[in-house]
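Below: the structure, in C-alpha cells.
Protein chains in written order, with my numbering: chain W, 4 to 543; chain R, 4 to 543.
So this is what it looks like as C-alpha cells:
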C-alpha cells in the first residue's frame, strides 16, 4: 500500500515530464500574474483541501485551523495569552527587521523602558486612564510563601501597585521630561520593541491576545506642525510596509472622535479588508498635541528663550499584523506567504530510491548553494533542503500548509533532463511546472517579485469588489444585510449618537475618514452636512 | 574666551602637523598592540579625567558615572527597573544580533512564550519554587476602579494569581510536553528573547535589575549524554562570544552544588574578572537531567517503542553582559568599547570656519562614503559624521565618554595634506596621529582588529596578574585581605559548611570548578581530599 502511494504520483510526474514544454523566463513571470485570478477556480476544482472548514463555510474556525496547520502559534495555559511557535515567530522577526530598518532610516533610535508603570503615573492623564482601566493587569505583591495548605500565596504587598504596561506613554513621558531641556534636544525620536498586556475577555490568536508583542514609537517636537507631520510620516511608513512587504492593501485615514486613542488629539490608521469583508486596523499613529507633554511635564527652552511644552506623537504595530497576513492571503489549503515575509522562500525536496540517493542529494546540495547566493528583496534567498525520511506527499503538504512560496522536487529524471519540477503556492497544489535549471535561477527573483505583486493585486481586487458607495440609510441596511459585507463609503455626521446607532443596527463602526475622500455631502441618517464619506465596516 | 578655546587646540594641531611623520600601515597596527600597556600610564599623566571618581578611588561610583556619562541607561521611577537609553540599547542589539546568528547556526529556533506563569505551574518543581519564591512579582488583580479618594485601586481579583516570569522553564516545559511525542520530534531546540522579572532588593544598573532583558534557550533530547553535550556546547558558544566579540576573557567551569540553578543537575558558567578583581557570572548553561521533564510530563516514544522522559537543558545570558563590558574595558575617561560591539566605530568630526565649511563637509561626506563601504567583522563599518554646531572639544569628549573606538578630525589643512588626524579610544584622549588617507582606508580593518585583540589581551593580563594559587587557609586570608583581591585557586571540599565559612569570613563564594583544573589535592580547611582546585572570589 505504501508503495502504490509512492509510485502513483511518480507515474503522473513521468507523464507530465514528457508533455511538458520548457517554459521561457518571460512566460514564467507572466504566468505568475495571470494564474492568480484562476487560482480560486482551480482550488475549488480540486477534490479536497487541507484546511477544514473552508473559508466560505466558517471563516473564524478556518482561521484557527490555518494557524494550527502551519504551526504558527498555540494556546497557552494562561488565559488569553498565546505561544508564538518558531514558524510564526520567524515571520515576526522578518516584520521586525524590515520595520526596524525603516524606522532607523527615518532617524529613530531604539531604547527600552520598564514593564511596570506605577499606578500614580497612570493616573495623570485622565482620558488615558479611562481608556485602559478595564484592561489593566496589576502587580500588587512580591514574594511567595506557603499558604498552609501545601500551596503558595503572595506574601508581601507593594505600597503602590504596579500596572503591567498596556502602552508606555506615561512612563516614557516621565523619562522624556528628564531628557528634554532645550530645543537643541528636539526632535527626540525613540522606538521600543516590547511586550504589552491588555486584559482580553474574548481572545483570538494574533488578533486579540492579553499579552502581545509590538513596537511603540514616541517622539517629541518643538513645533506642533512638525509633530503632526511625524505622525503622518509614520502612517505612510506603515502603509509602505503593509503594501510592499505584506502585500496587504490598506486605506489611510483618520479615526473618528469616538475611535481615537485615549488622550490623543488625532489618531491616524491604516485599515485593511480581510477575506470575510471585515476590517482590520493594522497600525495606528497618534498626534498627541501637548496633552501628554503637559501631564508629564515635557518642557523645553525654545530658540527664542521661552519655556514651552513639547508636542508628542506615538505610533505602533503589533503581532496582530500576522493575523492580518493570514486573513488577507491564505486559502483553503492553509497559509499563503508573500515571498518578502516568508521565512523560507524555496524548499528543495529530494525524491529518490536507495540507489539514487547519493546522486540526488548531491544535486540538491549543489542547487541549494546556487540558489542561496541569489538576491531577492535586498537579501539572499532563504532556501532549505528537506531530506527527512518521511513520505513525499506528507512533506509537500507540510510546506503547502506553512505557505512556503515555492517547492522544488528533484528526482533522478529531473537531474538527467536538467529541469526542475516547480510547485508554487499561488497555484493549485497539484500543479507542477518543469523549468530548465538555468532559466529558473535566472528568473527566480523576478518570479518571486511577480508572486508578491500578484498577492497584492488579488487582495486589492477583493477589497475593491467588496467596497460600495452607499447613499442612503436603506442602502446601508441592504449592504450590511448581505453576505460578508465589506467597506461601505457613506456620508455620516460623526457624533456619538450616530456612531452608536450604526454600531447597534449593523454591528459596524466608522473605520476611518479616508484621506482620499474629499467630496462633501449630507449625512444619510441626520441630513446634516458631512465633509467627506467615511468607511463603515464590521471589524476585528 | 570662546575664541581662545577654539584656537588653542587648533594651534597645537598645527604644530603637531608639521612635526608629524606619516606612519606606515604596519607600524600603525603594531602601535595598537604596544600602546595598550602604556595607556594606563599616559592616562595617569593627563591632568584631569572625564569620570570622577576614578576607578581606583571608588569603583562602584565610577561604574555609575561611566553609565551616566555615556548615556547608556537611566534610573526609572519603578524601583529596581532601569531605562536602557539608545546608546546602551544599540550595544544590546549588537549582542543580540551576534548571539542570535550563533544560536541559529547551531540549529536553534526562536519562539515566544507568555510573560505570565500560573501559580500552579510554578509549584510543580519544588526546588525551582524555593529558588525563586523570594524574587517573584505577582499579578493578583485586573482592572482599575475609583478608590473613592480621587485615585484608583485594583478592581477584580484573579482566581489564580499569575507570576511574572523569573525564567520560563515551567511554562515552556508545559508546552514542550504537548509538542514532543516521538524520538522523531527530538532534539527540540528553542530560544526566546524576552524580559524577565526577579525582585531585586539592591539593584545596580545592568548588573542586578528587577526587570532585565535576556535570552533563554530550552532544549529537549532523547539521550542524557546528548543533553549534557548541548549544555556544554552552549557554554562554549557563550565563551566564544564573550572572548571574540566582547573581548572579555572568561573561565569555563561548573558551579558547586550550592550555587547551581534551582532544579538543575549541573550548572555550567563562564566567569569573568572585573577591574576591581571581582568575578562576574556572565552566562550559565544548565543540564536539567529529567527533573523538569518529569514535573512537566515531557515524554516521548523512543526508537525501540518505549515511553521515556526527555532530557532537558536551559541556558541564558542577560543585559548584565553590558555591565561586564563596562567593567572590563572602561577607564577613567569613560566607556571603552571593543570595535566588534561598538554601535559607532568611527566618528568623523569636521572642523571648519565659515569660509571652509562647504569644502570640509564635502570632504567628510566623501570620506564617510569610502569608509562605509569597508568591511570589518563581516559587516560594513559603522561610521557617522557629526556636524552639530557645538564646540569641538565638547563633541570629542562626548565620543570619548561613549567609547567610540576612533575619531577622525578633518580641517582644511588635513584636506590639503591628504592626511587624517586620528584619535583612538585605546590611547590617551590628547594623543593624535596623522595618517595618509589612503593608508588609513587600507589598514582600518586590521587596526580595529588589533584594537579588539589588544582589549582582550589587556583584560587577560589583568586577570592573570590578579589570580593566585592559594595553598592554605592563612594564604587565603592574606589574599582576601589585600586590595581588590581577584581569583584564588584553592583546593576546597565543596560542601555547605565550608562554602558558608568562606562566605562569612571572606565575603567570597566558589565561582566555579574550572574545567582546566584537573590536579587533585586536599581541602585547605578540612584536609579532606579535593578533586580539583576551585575559584574563590567576591562577585557581582
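Glycine included, C-beta positions come from ideal geometry on N, C-alpha and C.
Would you tell me roughly how many angstroms separate the C-alpha atoms of residue i and residue j, rounded to the nearest one?
i, j, result
"residue 525 of chain R", "residue 189 of chain R", "43 angstroms"
"residue 32 of chain W", "residue 453 of chain W", "Low confidence applies here, because residue 32 of chain W scores a pLDDT of 44, under 50, leaving its location unreliable and the question unanswered by this model."
"residue 320 of chain R", "residue 102 of chain R", "10 angstroms"
"residue 201 of chain R", "residue 307 of chain R", "43 angstroms"
"residue 325 of chain R", "residue 95 of chain R", "7 angstroms"
"residue 140 of chain W", "residue 146 of chain R", "7 angstroms"
"residue 389 of chain R", "residue 456 of chain W", "40 angstroms"
"residue 460 of chain R", "residue 427 of chain R", "17 angstroms"
"residue 37 of chain W", "residue 342 of chain R", "Low confidence applies to residue 37 of chain W: its pLDDT is 39, below 50, so where it sits in the model is not reliable, and the reading given next is rough at best. C-alpha separation (whole angstroms): 51 angstroms."
"residue 285 of chain R", "residue 489 of chain R", "16 angstroms"
"residue 535 of chain R", "residue 510 of chain R", "22 angstroms"
"residue 296 of chain W", "residue 492 of chain W", "36 angstroms"
"residue 76 of chain W", "residue 191 of chain W", "36 angstroms"
"residue 462 of chain W", "residue 447 of chain R", "50 angstroms"
"residue 298 of chain W", "residue 173 of chain R", "41 angstroms"
"residue 543 of chain W", "residue 243 of chain W", "22 angstroms"
"residue 357 of chain W", "residue 363 of chain W", "10 angstroms"
"residue 537 of chain W", "residue 487 of chain W", "19 angstroms"
"residue 400 of chain W", "residue 350 of chain W", "12 angstroms"
Any idea which residues DSSP pairs residue i with across the strands?
i, result
"residue 160 of chain W", "W:144"
"residue 218 of chain W", "W:196 and W:320"
"residue 239 of chain R", "DSSP lists no partner for residue 239 of chain R."
"residue 314 of chain W", "W:224"
"residue 276 of chain R", "R:282"
Just verifying my parser: in three-state terms, what is the DSSP assignment at residue i?
i, result
"residue 290 of chain W", "strand"
"residue 131 of chain R", "helix"
"residue 535 of chain W", "coil"
"residue 343 of chain R", "helix"
"residue 67 of chain W", "helix"
"residue 77 of chain W", "strand"
"residue 338 of chain R", "coil"
"residue 383 of chain R", "strand"
Under 9 angstroms, Cβ to Cβ, is there at least one residue of chain R near residue i?
i, result
"residue 186 of chain W", "no"
"residue 3 of chain W", "For residue 3 of chain W there is no data in the structure shown, the boundaries of chain W being 4 and 543."
"residue 134 of chain W", "no"
"residue 234 of chain W", "no"
"residue 33 of chain W", "Note that residue 33 of chain W scores a pLDDT of 43, beneath 50, so its modelled location is shaky and nothing firm can be said."
"residue 543 of chain W", "no"
"residue 237 of chain W", "no"
"residue 140 of chain W", "yes"
"residue 181 of chain W", "yes"
"residue 157 of chain W", "yes"
"residue 167 of chain W", "yes"
Spell out whether any CB of chain W is found under 9 angstroms from the CB atom of residue i.
i, result
"residue 5 of chain R", "Residue placement at residue 5 of chain R is poorly supported in this model, since its pLDDT is 37, which falls under 50; the coordinates still yield a value, given next. So, not an interface residue."
"residue 145 of chain R", "yes"
"residue 263 of chain R", "no"
"residue 88 of chain R", "yes"
"residue 30 of chain R", "Because residue 30 of chain R carries a pLDDT of 43, less than 50, the predicted location of this residue cannot be relied on, and no value is offered for it."
"residue 22 of chain R", "A caution first: residue 22 of chain R carries a pLDDT of 39, below 50, which makes its placement in the model too unreliable to give a value."
"residue 93 of chain R", "yes"
"residue 125 of chain R", "yes"
Is residue i close to chain B? Criterion is C-beta to C-beta, closer than 9 angstroms.
i, result
"residue 154 of chain R", "Annotation note: the requested chain B is absent from the structure, which comprises protein chains W and R."
Hey, is residue i close to the ligand FMN, as in C-beta under 8 angstroms from one of its heavy atoms?
i, result
"residue 417 of chain W", "The ligand content of the structure shown is nil, which means the ligand FMN is not present either."
Q. In the segment 68-81 of chain R, which residues sit with their C-beta less than 8 angstroms from some C-beta in chain W, listed in chain order?
A. 77, 79, 80 and 81
Q) Taking Cβ-Cβ distances below 8 angstroms as the criterion, which residues of the segment 189-208 of chain W are in contact with chain R? A) 193, 197, 198, 200 and 202
Q: Could you please tell me which residues of the segment 371-400 of chain W, in chain order, have their CB closer than 8 angstroms to any CB of chain R?
A: none
Q: Could you name the residues of the segment 98-117 of chain W whose beta carbon sits closer than 8 angstroms to any beta carbon of chain R, in the order they occur along the chain?
A: 112, 113, 114, 115, 116 and 117
Q: With 9 angstroms as the C-beta to C-beta threshold (strictly closer), list the residues of the segment 281-308 of chain R near chain W in chain order.
A: none
Q) Got a sec: which bits of the segment 208-231 of chain R sit with their beta carbon under 7 angstroms from any beta carbon on chain W, in order along the chain? A) 214 and 216
**Q.** Cβ-based contacts, 9 angstroms cut-off: residues of the segment 501-513 of chain R near chain W
**A.** none
(Q) Please identify, using Cβ separations under 8 angstroms, the residues of the segment 324-335 of chain W that lie next to chain R, in order along the chain. (A) none
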